[in-house]
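K.L.:
This is the structure, below, for whatever I ask next.
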Amino acid sequence: QVQLVESGGGLVQAGGSLRLSCAASGRTSSTNTIGWFRQAPGKEREFVARTIRSSGTTYYADSVKGRFTISRDNAKNTVYLQMNSLKPEDTAVYYCAAGSTALQYPYWGHGTQVTVSS
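Under our numbering, the first residue of the sequence shown carries the number 989, and numbering increases by one thereafter.
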């Protein structure tokens, strides 16, 4: 099993920044891919970004490209999402998820709320 705990959410004004953290524990051999997703009220959950440990690659949704940066500290089993130039439409609950590949995410955290005021 893998446990994921997100932190770093909060309230920020438009144009501001936040850094989210996702700390993994347990069977971390199953966390080759860690992704961030978000769900706004009344909307479906959507992909934000992912990082793949084995290849060192990252991938972003078009809506956050150039503003968000995903990174990981393998020694700490932690993945970060640096969010800059935040917009009100970035308001959502942000979840991190993990899996052995980028195709499936069997492990999910409980989420952290990000609210961007205009």
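For every residue, glycine included, the Cβ atom is placed at its ideal position computed from N, Cα and C.
Are Leu1069 and Arg1007 touching if we call contact CB-CB under 8 Å?
P.N.:
Indexing the sequence shown from 1 puts residue 1069 at position 81. Indexing the sequence shown from 1 puts residue 1007 at position 19. Yes, the pair counts as a contact, with Cβ atoms nearer than the cut-off.
K.L.:
One question on the structure: do Pro1076 and Ser1106 come within less than 8 Å of each other, judged by their Cβ atoms?
P.N.:
Translated into the one-based positions of the sequence shown, residue 1076 becomes position 88. Translated into the one-based positions of the sequence shown, residue 1106 becomes position 118. Yes; because the gap between Cβ atoms is below 8 Å, this pair is in contact.
K.L.:
For the structure I just gave you, are there three or more beta carbon pairs, one from the stretch 1010-1026 and one from the stretch 1083-1090, closer than 8 Å?
P.N.:
yes
K.L.:
Buried or exposed: where does Gly1097 fall if 16 or more other Cβ atoms within 10 Å of its Cβ makes it buried?
P.N.:
Here residue 1097 is taken as the residue at index 109 of the sequence shown, counted from 1. By the 10 Å Cβ count, Gly1097 comes out buried.
K.L.:
By DSSP's criteria, Arg1032 is part of a beta bridge. Which residues make up the other side?
P.N.:
Taking the sequence shown and counting its residues from 1, the one referred to as residue 1032 is at position 44. Here the sequence assigns Glu to residue 1032, which means Arg is not the residue at that position. DSSP lists no beta-bridge partner residue for Glu1032.
K.L.:
If you run the structure through DSSP and keep just helix, strand and coil, what is Asp1160?
P.N.:
Residue 1160 is absent from the structure shown; the chain starts at 989 and stops at 1106.
K.L.:
Below 8 Å between beta carbons: does that hold for Val1067 and Thr1045?
P.N.:
The residue labelled residue 1067 in the question sits at position 79 within the sequence shown. The residue labelled residue 1045 in the question sits at position 57 within the sequence shown. Taking C-beta atoms as the reference points, Val1067 and Thr1045 fail to come closer than 8 Å.
K.L.:
In angstroms with no decimal places, state the Cα-to-Cα distance between Ser1018 and Leu1091.
P.N.:
Locating residue 1018 in the sequence shown gives position 30, where the first residue counts as 1. Locating residue 1091 in the sequence shown gives position 103, where the first residue counts as 1. A straight-line Cα-Cα distance of about 13 Å links Ser1018 and Leu1091.
K.L.:
With distances taken Cα to Cα, identify the nearest neighbour of Gly1030 among Gly1099, Tyr1093 and Val1081.
P.N.:
Walking along the sequence shown from the start, residue 1030 turns up at place 42. Nearest C-alpha to Gly1030: Val1081.
K.L.:
Under 8 Å by Cβ, that's how I've got Arg1026 and Glu1034 pegged, so tell me the actual separation to the nearest angstrom.
P.N.:
Residue numbering aside, residue 1026 sits at position 38 when the sequence shown is read from its first letter. Residue numbering aside, residue 1034 sits at position 46 when the sequence shown is read from its first letter. That pair is a contact at about 6 Å.
K.L.:
From which residue to which residue does the beta strand (DSSP E) around Glu994 run?
P.N.:
For the purposes of this step, residue 994 is identified with residue 6 of the sequence shown, where counting begins at 1. Residues Val990 to Ser995.
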